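Notes follow the structure.
Number of protein chains: 2
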Amino acid sequence: MLYSKSFIFTLREDPKVAESVSHKLLLKGSFLYMVSSGIYSYLPLGFRVLENVSNIIRKHMEASGAQELLMSALQPIEIWQKTGRDEVLSEVMFKFKDRKNRTLVLGPTHEEEVTEIVKKNVSSYKQLPRILYQIQTKFRDEVRPRFGIVRSCEFIMKDAYSFDTDEAGLAKNYDTMLSAYQAIFKDCGLNFIMTEADPGAMGGSTSHEFMVPAEIGEDVLCHCEKCDKYFKDMSNCPNCEGKLSEKRMIEVGHIFKLGTKYSAAQEALFLDKDGARKPIIMGCYGIGVSRVLSAIVETNYDDKGIIWPKSISPFDIQLVCLDEKLLSLALALGETLEKNGFKVLLDERNEPAGVKFNDAYLLGNPYIVIIGKNYANSQKIDLEIRKTRQKVSLSEEELINFLNNEYGKQS
Amino acid sequence: MLYSKSFIFTLREDPKVAESVSHKLLLKGSFLYMVSSGIYSYLPLGFRVLENVSNIIRKHMEASGAQELLMSALQPIEIWQKTGRDEVLSEVMFKFKDRKNRTLVLGPTHEEEVTEIVKKNVSSYKQLPRILYQIQTKFRDEVRPRFGIVRSCEFIMKDAYSFDTDEAGLAKNYDTMLSAYQAIFKDCGLNFIMTEADPGAMGGSTSHEFMVPAEIGEDVLCHCEKCDKYFKDMSNCPNCEGKLSEKRMIEVGHIFKLGTKYSAAQEALFLDKDGARKPIIMGCYGIGVSRVLSAIVETNYDDKGIIWPKSISPFDIQLVCLDEKLLSLALALGETLEKNGFKVLLDERNEPAGVKFNDAYLLGNPYIVIIGKNYANSQKIDLEIRKTRQKVSLSEEELINFLNNEYGKQS
């Protein structure tokens, strides 16, 4: 990708609307576009990052045997009336009538709809267990949209649902999902904390939250600085007895053993081996996909900009050409790197070096490769590691070996 | 994928709500789930097909230099007031107020929003041309939702937008998109007709429609049976002078030279080389992604079910095991086929052969591979081509060579 042809238009000034580091950097780096308060569009850079997160999620969901589907955003109010959540979630639901006077809801979540789908399709224990998931836009009429895509009125979620004949099956699927979640957040480069949580309005018994310690965030955990451990509702560390301090956390995932709350209310029954009709036993498993982006940026930045983890960055390499005369060499190197399987953003704009470096630091691709004086003089390519700001001069062969090694690829 | 673990639950009876062949077969084969009139969810099989179509679109859009983004579904009414389309599209727009009394619209299309985005990001001729596109859910409060996902209240579209400094640039981008559309529909296995069309409410000068001749469909063209050619508003064939008959067509794509209709109304201006501020010259390019699915099924079926084109089918091979004793052999063959890069659905259910064949025909995967008596007796695998119903008996090696050849792969 040539920078001059891209839809990357970074801002020079910090956007005034920004309420947090991630909000600021994602707007400033033209990852996001603010449509209105609490409503965002993903510009091409943001879309690339979103796809990277989605694909990590897909990989682990598929490995867990979950099957992807895509449910409707529009839902008839009637399915919500069955569980009473038309009342419980009434505050945050966008609700309106269509021309036929049907009352429709914009799905803030999909337990009711997925339960209807399974009810229509599954009737016997032979058809269980199953896990379904989707990556989809959800809608909530938030009282106070905040921090860009941390809390917005339209956001992307991965929501998975498990369906079992008994508690043992649910426990197994729950554990499978719990492991998948750990793998997903690890692959996303997130430092996360897992805690047992209160199922609250979702119903059910067990529940676990996945949280990322960050300056912003609306959940609170108690942190022991000495042991670097997190606890719930405690004042002193159970290990070292030191005083705990509160940390606001960003919740990126939440999983629940729902049991039969939804299936009983919606009569999603199956015929068991013993000939009895029983409500299907359910679990649900959510990841705030847009929120994962924010959490990554909130915990991976410096004063110059974003520092994307390798697995998430829009490009692997930002190739900066500092001399028009070296452009054909830079183009050739870009091609070589792409042939080696790297995603390259080649900055060949007619801009001062300072502008190019500022943009490279702001956008946060992991490796900055520089074709400039050093190349003209001694055919050495300068490589800067975005995270450590460490610099080395390498021959083309050394550069490719180095990058292959960093990405765990065969040379 | 094992059939017994899949979320494939075909119906034995034709669904009563079905209004067309595609509607019937997509419901019957558990590709789609009807949430309510005009509202559908894509079940895992349908999602696979949807992804195949989307990926074909992405391939050709990226090759054309278009960059993917994802715009919001929620849009403030104010951007629609700028172009007056809050009035023009008022009938089909879902419109409601949020808790802050903002009037929001569920995007029925995205010309206004993308124009705002480009207005905020582009200010100079140096930043043009650009093409942006997205694959996204759109919403229309349809008077008469029909034929399943042919005309529904929630549907998936690919919408692309080009931005140029002059008419010559627009003409070039328009031609690029036109060629990409031809390639996309060809790759989707569609027999399509391209005609010049009236830009209508979209505004602008030139416009082309891409239509698929089908029993259902809401557009009409005049067809000469003898020459097999289509014309607009004619009674006799201009070639052979024979009488033309009307054909209802499914519109799958529509492209427009918009000119400055939106950029002028929304003041999306750029500073040209000559120092003058001018409105950006736009084009827009839509594909009804969900509708493409319907059009494919409407034109690729027989009395047994769907006949998916190879590029679109959820699986390449439906591997039918007719004898429990041969299951381990079927599993091994399935693995070999998957290692060779084929997507395999292995039907190992404890069901009669008739049920398995009916489902294989209904689901419409291109190749049915049978492990049964013939295998037990002579180690021959039976292969049936779904489209032609042609049958051959092959050794494992011959089977793989045959399939590699069919898919244009190296053995």
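Here the protein sequences line up with chains A and B, keeping their order.
Residue numbering for the first sequence is -13 to 397, as defined by the numbering used here.
Residue numbering for the second sequence is -13 to 397, as defined by the numbering used here.
All residues carry an ideal CB built from backbone N, CA and C; glycine is no exception.
Keep in mind it's a predicted model, so treat the numbers as computed, not measured.
Checklist line | Short CB-CB distance (under 8 Å) between residue -2 of chain A and chain B | finding: Residue -2 of chain A does not count as touching chain B.
Check: Can you name the residues that DSSP bridges to residue 89 of chain B?
Finding: Paired residue(s): B/83.
Checklist line | Residue from A/116, A/205, A/129 whose Cα sits closest to the Cα of residue 156 of chain A | finding: Ranking the options by Cα distance to residue 156 of chain A, first place goes to A/116.
Margin query: Along the chain, where does the beta strand (DSSP E) containing residue 348 of chain A start, and where does it finish?
Written below: Careful: residue 348 of chain A lies outside any beta strand (DSSP E), inside the alpha helix (DSSP H) at 339 to 349.
Checklist line | Three CB pairs or more closer than 8 Å across the stretch 194 to 209 of chain A and the stretch 218 to 235 of chain A | finding: The stretch 194 to 209 of chain A vs the stretch 218 to 235 of chain A: in contact.
Checklist line | residue 32 of chain B, enclosing alpha helix (DSSP H) - first and last residue | finding: 30 to 49 is the extent of the alpha helix (DSSP H) around residue 32 of chain B.
Margin query: Counting C-beta neighbours from all protein chains within 10 Å, is the total for residue 150 of chain B 16 or more, i.e. buried, or is it exposed?
Written below: Residue 150 of chain B should be labelled buried.
Check: Is DSSP giving residue 327 of chain A helix, strand or coil here?
Finding: Here residue 327 of chain A sits in coil by DSSP.
Margin query: Assuming contact is defined by CB atoms lying nearer than 8 Å, are residue 275 of chain B and residue 11 of chain B in contact in what I supplied?
Written below: No, the Cβ-Cβ distance between residue 275 of chain B and residue 11 of chain B is not below 8 Å.
Notebook entry, point to check: Interface residues of chain B around residue 59 of chain A at Cβ under 8 Å?
Noted result: The contacting residues are 59, 123, 125, 140.
Item checked: DSSP beta-bridge partners of residue 181 of chain A -> Looking at the DSSP output, residue 181 of chain A bridges to A/195.
Next item on the list: Tell me where the beta strand (DSSP E) around residue 398 of chain B begins and ends.
Entry: Nothing in the structure corresponds to residue 398 of chain B, since chain B is present only between -13 and 397.
Margin query: Need the endpoints of the alpha helix (DSSP H) that residue 385 of chain B sits in, please.
Written below: Residue 385 of chain B -> alpha helix (DSSP H) spans 382 to 392.
Note to self: According to DSSP, simplified to helix, strand and coil, what is residue 146 of chain A?
What the structure shows: Correct three-state label for residue 146 of chain A: strand.
Item checked: Three-state secondary structure (DSSP) of residue 123 of chain A -> For residue 123 of chain A, the three-state secondary structure derived from DSSP is strand.
Notebook entry, point to check: Per DSSP, what kind of secondary structure is residue -13 of chain A in: helix, strand or coil?
Noted result: In the structure shown, residue -13 of chain A adopts coil according to DSSP, grouped into three states.
Notebook entry, point to check: What separation, rounded to the nearest whole angstrom, lies between the Cα atoms of residue 38 of chain B and residue 316 of chain B?
Noted result: Straight across, the Cα-Cα distance linking residue 38 of chain B with residue 316 of chain B is about 26 Å.
Next item on the list: Closer than 7 Å by beta-carbon distance: list the chain B residues that pair up with residue 25 of chain A, in chain order.
Entry: For a Cβ distance threshold of 7 Å, residue set 58, 60 of chain B lies close to residue 25 of chain A, ordered along the chain.
Check: Where DSSP assigns a beta bridge to residue 256 of chain A, which residues make up the other side?
Finding: Beta-bridge analysis with DSSP links residue 256 of chain A to A/264.
Check: If you measure beta-carbon to beta-carbon, which residues of the stretch 275 to 307 of chain A are closer than 7 Å to chain B?
Finding: Near chain B, meaning a CB-to-CB distance below 7 Å, no residue of the stretch 275 to 307 of chain A qualifies.
Note to self: Closer than 9 Å between beta carbons: that is the criterion. Which residues of the stretch -1 to 16 of chain B meet it against chain A?
What the structure shows: Considering only beta carbons, the part of the stretch -1 to 16 of chain B lying closer than 9 Å to chain A consists of 16, in chain order.
Notebook entry, point to check: Would residue 291 of chain A pass as a contact of residue 348 of chain A if the rule is Cβ separation under 8 Å?
Noted result: Contact check for residue 291 of chain A against residue 348 of chain A passes: the beta carbons are separated by less than 8 Å.
Next item on the list: For residue 360 of chain B, name the three-state secondary structure that DSSP assigns.
Entry: In this structure, residue 360 of chain B counts as helix in the three-state DSSP scheme.
Margin query: If we define contact as Cβ-Cβ less than 8 Å, is residue 133 of chain A a contact residue for chain B?
Written below: Closer than 8 Å to the CB of residue 133 of chain A there is not a single CB belonging to chain B.
Check: Given that a residue counts as buried once 16 or more other Cβ atoms are within 10 Å of its Cβ, and exposed if not, what is residue 136 of chain B?
Finding: Label assigned to residue 136 of chain B: buried.
Notebook entry, point to check: Assuming residue 28 of chain A contacts residue 20 of chain A under a Cβ cut-off of 8 Å, what Cβ separation, rounded to an integer in Å, is found between them?
Noted result: About 11 Å; that fails the 8 Å criterion.
Checklist line | Enclosing beta strand (DSSP E) for residue 9 of chain A [first to last residue] | finding: Counting along the chain, residue 9 of chain A falls outside any beta strand (DSSP E), though it belongs to the alpha helix (DSSP H) covering 7 to 14.
Next item on the list: Using beta-carbon positions only, say whether residue 205 of chain B and residue 193 of chain B come within less than 8 Å of one another.
Entry: The answer is no: Cβ separation not under 8 Å.
Margin query: For a quick check, are the C-beta atoms of residue 140 of chain A and residue 60 of chain B less than 8 Å apart?
Written below: It is a contact, given that the beta carbons lie within the stated cut-off.
Next item on the list: Could you pull the start and end residues of the alpha helix (DSSP H) that residue 163 of chain A belongs to?
Entry: 153 to 173 is the extent of the alpha helix (DSSP H) around residue 163 of chain A.
Next item on the list: Tell me where the alpha helix (DSSP H) around residue 279 of chain B begins and ends.
Entry: Judged by DSSP secondary structure, residue 279 of chain B falls within the alpha helix (DSSP H) whose first and last residues are 275 to 284.
Note to self: Give me the chain A residues within the contact set of residue 356 of chain B, using Cβ-Cβ distance strictly less than 7 Å, ordered along the chain.
What the structure shows: Correct list: empty, because the minimum Cβ distance to chain A is about 23 Å.
Next item on the list: Give the range of the beta strand (DSSP E) segment to which residue 370 of chain B is assigned.
Entry: Residue 370 of chain B -> beta strand (DSSP E) spans 367 to 371.
Next item on the list: Kindly indicate the opening and closing residues of the alpha helix (DSSP H) around residue 398 of chain B.
Entry: The shown model of chain B, from -13 to 397, leaves out residue 398 of chain B, and the question about it has no answer.
Margin query: Can you tell me whether residue 25 of chain A is helix, strand or coil according to DSSP?
Written below: Here residue 25 of chain A carries a strand assignment [DSSP, helix/strand/coil].
Next item on the list: Give the straight-line distance between the Cα atoms of residue -2 of chain A and residue 14 of chain A, rounded to the nearest whole angstrom.
Entry: Here the alpha carbon of residue -2 of chain A sits roughly 8 Å from the alpha carbon of residue 14 of chain A.
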